[in-house]
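**Q**
There are 4 protein chains.
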Amino acid sequence: MTRSKRAEERRSQILEHALLVFAHQGYHGASVSDIVKAAGVARGTFYLYFDSKEAVFRELLDELLSTLRSSVRGMDIGPSAAPMQEQLQGILVRILRTAESNRALTRIIFREAVGLDEAVDAKLQGFNDGLQAWLVAALTVGEGLELVRPTDRDVAATCILGAVRQVIDRYVVQSDAPLDAESIAAAVVRFSLEGLA
Amino acid sequence: MTRSKRAEERRSQILEHALLVFAHQGYHGASVSDIVKAAGVARGTFYLYFDSKEAVFRELLDELLSTLRSSVRGMDIGPSAAPMQEQLQGILVRILRTAESNRALTRIIFREAVGLDEAVDAKLQGFNDGLQAWLVAALTVGEGLELVRPTDRDVAATCILGAVRQVIDRYVVQSDAPLDAESIAAAVVRFSLEGLA
Amino acid sequence: MTRSKRAEERRSQILEHALLVFAHQGYHGASVSDIVKAAGVARGTFYLYFDSKEAVFRELLDELLSTLRSSVRGMDIGPSAAPMQEQLQGILVRILRTAESNRALTRIIFREAVGLDEAVDAKLQGFNDGLQAWLVAALTVGEGLELVRPTDRDVAATCILGAVRQVIDRYVVQSDAPLDAESIAAAVVRFSLEGLA
Amino acid sequence: MTRSKRAEERRSQILEHALLVFAHQGYHGASVSDIVKAAGVARGTFYLYFDSKEAVFRELLDELLSTLRSSVRGMDIGPSAAPMQEQLQGILVRILRTAESNRALTRIIFREAVGLDEAVDAKLQGFNDGLQAWLVAALTVGEGLELVRPTDRDVAATCILGAVRQVIDRYVVQSDAPLDAESIAAAVVRFSLEGLA
DNA sequence: AATGAATGAGTGTTCATTCAT
DNA sequence: GATGAATGAACACTCATTCAT
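Chains as they are written, first to last, in the numbering used here: chain E, 873 to 1069; chain H, 873 to 1069; chain X, 873 to 1069; chain Z, 873 to 1069.
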């Protein structure tokens, strides 16, 4: 499988440089020329590994979405779980760290993938909806365990999701500074559980 | 005045159809051809009223941003103000209703104007930053009045902003259904002030 | 005929400003917008008096060509005429002065009307050919009177024509300075009759 | 080298057809479509080899100007040179032959490049000024050697330049017939040196 | 597998001309 | 007669994609 290994490397090489170029210039601002120039391959080679400019973008998108997805998984919403606050904070720290170590990809998701085309939008929407549903389920369980007061769970889930997104946007996408994930996560969780008053 | 009135109508006619086309196809997906076809005018007529495709877009963008801005204004953060909860809820209702009655424009801001070009990005960023700063200021005052517990105000403001954005995205942009602004606003404010626990 | 008088004035008004605009911006660089703006009339008015942008240009061209033509006429090539040298110098002075007092038009003929379109080219060519033929005829007579030595009259006429054109180009079109028509004409005539050696 | 050779051929192919199209239709009359249709290449291919329509034109222009420049060079204006008459005639023959074997290019310079844009005009003007200065210098030397009678050298140079230009225009640009360069050059030189009287 | 020259559909924009008022 | 808003054909140029080598 030497061939396929070399091929895999080629793919990665293109993918990595496409990531940088997209993050830097945006989807529309990045031409296939820019990508192949950055990757050091010929134009034709690009199309040997990817169907289109859009396809390479979609692949990058899937990559981060699945990375983020796995950061979220693993919350124990069963009855005998660890204190919710700790669990939530742990998840949030993982998400923030994932975003931080994939700044370019995160920037793409937050800035470039929005309103791009229907397929991409559907993908982002699906991811969002998954999180929303997961949060609603978690709130339902929490309410059953009386860890969470009765509330409009759909709105509450939406608020949490939005808060986390905005935190990522502000502290990861907009800023280049390193991130104090622990304390930010703690503040977010405290805000969510205890409110401001 | 007849002339300028007719001209104003023409402009609006183009602007309105541009709005629909942008909302439907996105900035890059919408060609000037699409817009003039939708508006039922000739290509040249478009350029009689607008300098460029970008210029129409910017105008639409400015329109909603200033509408939203005026929805936010008017919070009394002085010491003798009405209860914060009520004020916040009032603002939020106004924002939600503004967004609801400008669904296409709101969609554009949330979906199409992101990552478009530097000037547009800067405009959105500025709007965002303005809100963030306003929220931080409001939290500072609230903390002084002991209406708000001590907290990381930057993170808290970010969370609120994100929550509101996501609520608009979910209930206005994603959905076509009419909106129960009052109860959603109430839920958001309650979430923000009291938290979930 | 008050109407036609007013109409005539309108025409002139447009014509004069078109002249300035063409002289300043060139034929292709001048838009109908520029002309009507300069003339202070509406776009439609322009087309009330002229068939097209090209037509107004042609009219300006004809104007100077006929002015120049009449500067040339009147040479007495009969046997009992005044000394040829004096006559030639007189003609040349008239031509130079005509060109000088119509600098803008002259500039147009020398710079803008060249290679414009077939009709205009044909007009310039015809003017040129007329002068060439006239010069050949003059040389033929001069040779008969033994005022001119036998020579290749076609080449000689071409040389004279070229010399005069270049003189106009250099001292009228390229320069804004006032012109010492007498002495330049004298130098040209002396060059033509006696040569340099 | 094969690649660059093929590329060179492609360039020439486009250049040559652009030459014909420009010569036939003029700069403004020739669209990029016309050029690529004539050259039998796709629109994009044109832009692979040239930056713009203007750039091809400039290249063609530079080509003939430098060819003509080298036809002029090499006159020995030192004191021990060959008889001026012979030298002048030789130069003129070279110029005429260069023009003759580049009829399309010459047509472009004489007809299409005039009044095109400032950069092109400046180029032509510079060429002209160079010749004028060279002629004035030659006349100054000739006067010192008493080969040339005292005269207004600026006017004389202008006359010679104009004569040569007009000869090229008449016998090369306007006519398709083959050219008797020798005898025309002889007639021009004789006219210049001995005059007509 | 790798190349990069070639492609051509598509873009935003201009401007001479028309015509309803 | 006068207006200027409206028109739409035409333009130079771009770039994702293909394919002969």
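Every residue, glycine too, gets a C-beta built ideally from N, C-alpha and C.
(1) Using DSSP with H/G/I as helix, E/B as strand and the rest coil, what is Y899/X?
(2) For D1041/E, count neighbouring C-beta atoms within 10 Å of its own C-beta (all shown protein chains included) and say buried if the count is 16 or more, exposed if not.
(3) So, with DSSP's three-state summary, where would you put D989/H?
(4) What did DSSP end up calling S1064/Z once you bin it into helix, strand or coil?
(5) Counting contacts by CB-CB distance shorter than 9 angstroms, is H900/X in contact with chain Z?
(6) Does any C-beta atom of chain H lie closer than 9 angstroms to the C-beta of Q1004/E?
(7) Should L933/Z and L892/Z be called a contact, given that it needs their Cβ atoms to be closer than 9 angstroms?
(8) Of all Cβ atoms in chain Z, is any one closer than 9 angstroms to the Cβ of Y1043/X?
(9) Is the beta carbon of L1011/X sitting closer than 9 angstroms to the one on T1023/X?
(10) Count the C-beta pairs between the stretch 1052-1065 of chain H and the stretch 955-969 of chain H that are closer than 8 angstroms, then say yes if the count reaches three, no if not.
(11) Would you say T1012/E reaches chain H, if we count a Cβ-Cβ gap shorter than 9 angstroms as a contact?
(12) State yes or no: is the C-beta of V986/H within less than 9 angstroms of the C-beta of G1034/E?
(13) Using beta carbons (cut-off 9 angstroms, strictly below), is S942/Z in contact with chain X?
(14) Considering only residues of the same chain and omitting the five flanking positions on each side of A879/E, which have a CB-CB separation below 8 angstroms?
(15) Buried or exposed for L1017/Z, please, with buried defined as at least 16 other CB atoms from any protein chain shown within 10 angstroms of its CB.
(16) Are there 16 or more other CB atoms within 10 angstroms of the CB of G1014/H, so buried, or fewer, so exposed?
(17) What is the DSSP secondary structure of T1012/X, reduced to helix, strand or coil?
(18) Around the C-beta of F918/X, are 16 or more other C-beta atoms found within 10 angstroms, so that it is buried, or is it exposed?
(19) For the stretch 971-989 of chain E, which residues have a beta carbon sitting closer than 7 angstroms to at least one beta carbon of chain H?
(20) Which word fits H889/H, buried or exposed, when buried means at least 16 other C-beta atoms lie within 10 angstroms of its C-beta?
(21) Hey, would you say A1053/H sits closer than 9 angstroms to L940/H, going by beta carbons?
(22) What is the DSSP secondary structure of F894/Z, reduced to helix, strand or coil?
(23) For L988/Z, I'd like the list of residues in its chain whose CB is within less than 7 angstroms of its CB, leaving aside the five on either flank, ordered along the chain.
(24) Helix, strand or coil, according to DSSP, for G912/E in the structure here?
(25) With distances taken between CB atoms, is the gap from E972/X to V1044/X smaller than 9 angstroms?
(26) Name, please, each residue of chain H whose Cβ falls closer than 9 angstroms to the Cβ of F929/E.
(27) Measuring only the C-alpha atoms, how far is D1026/E from E926/H?
(28) When the Cα of P1050/Z is compared with those of N974/Z, S924/Z and L1019/Z, which residue comes out closest?
(29) Are R966/E and V944/E closer than 9 angstroms when you measure CB to CB?
(30) Please list, in chain order, the chain H residues whose beta carbon lies closer than 9 angstroms to that of R1021/E.
(31) Taking Cβ-Cβ distances shorter than 7 angstroms, what residues in chain E pair up with D1024/H?
(32) With respect to the alpha helix (DSSP H) encompassing L933/X, which residues constitute its N-terminal and C-terminal limits?
(33) Between R915/E and S905/E, is the Cβ-Cβ spacing less than 9 angstroms?
(34) Against chain Z, does A1086/X count as a neighbour if the rule is that its beta carbon must be under 9 angstroms from one of theirs?
(35) Classify A1053/Z as helix, strand or coil using the three-state DSSP reduction.
**A** In brief:
(1) coil
(2) buried
(3) coil
(4) helix
(5) yes
(6) yes
(7) no
(8) yes
(9) yes
(10) yes
(11) no
(12) no
(13) no
(14) Y921
(15) exposed
(16) buried
(17) helix
(18) buried
(19) R983, E984, V986 and G987
(20) buried
(21) no
(22) helix
(23) Y899
(24) coil
(25) yes
(26) Ordered by position in chain H, no residue passes the 9 angstroms Cβ test against F929/E, which lies about 12 angstroms from the chain.
(27) 37 angstroms
(28) N974/Z
(29) yes
(30) E1066, G1067, L1068 and A1069
(31) A1059
(32) K925 to V944
(33) yes
(34) The structure shown has nothing for residue 1086/X, since chain X only spans 873 to 1069.
(35) helix
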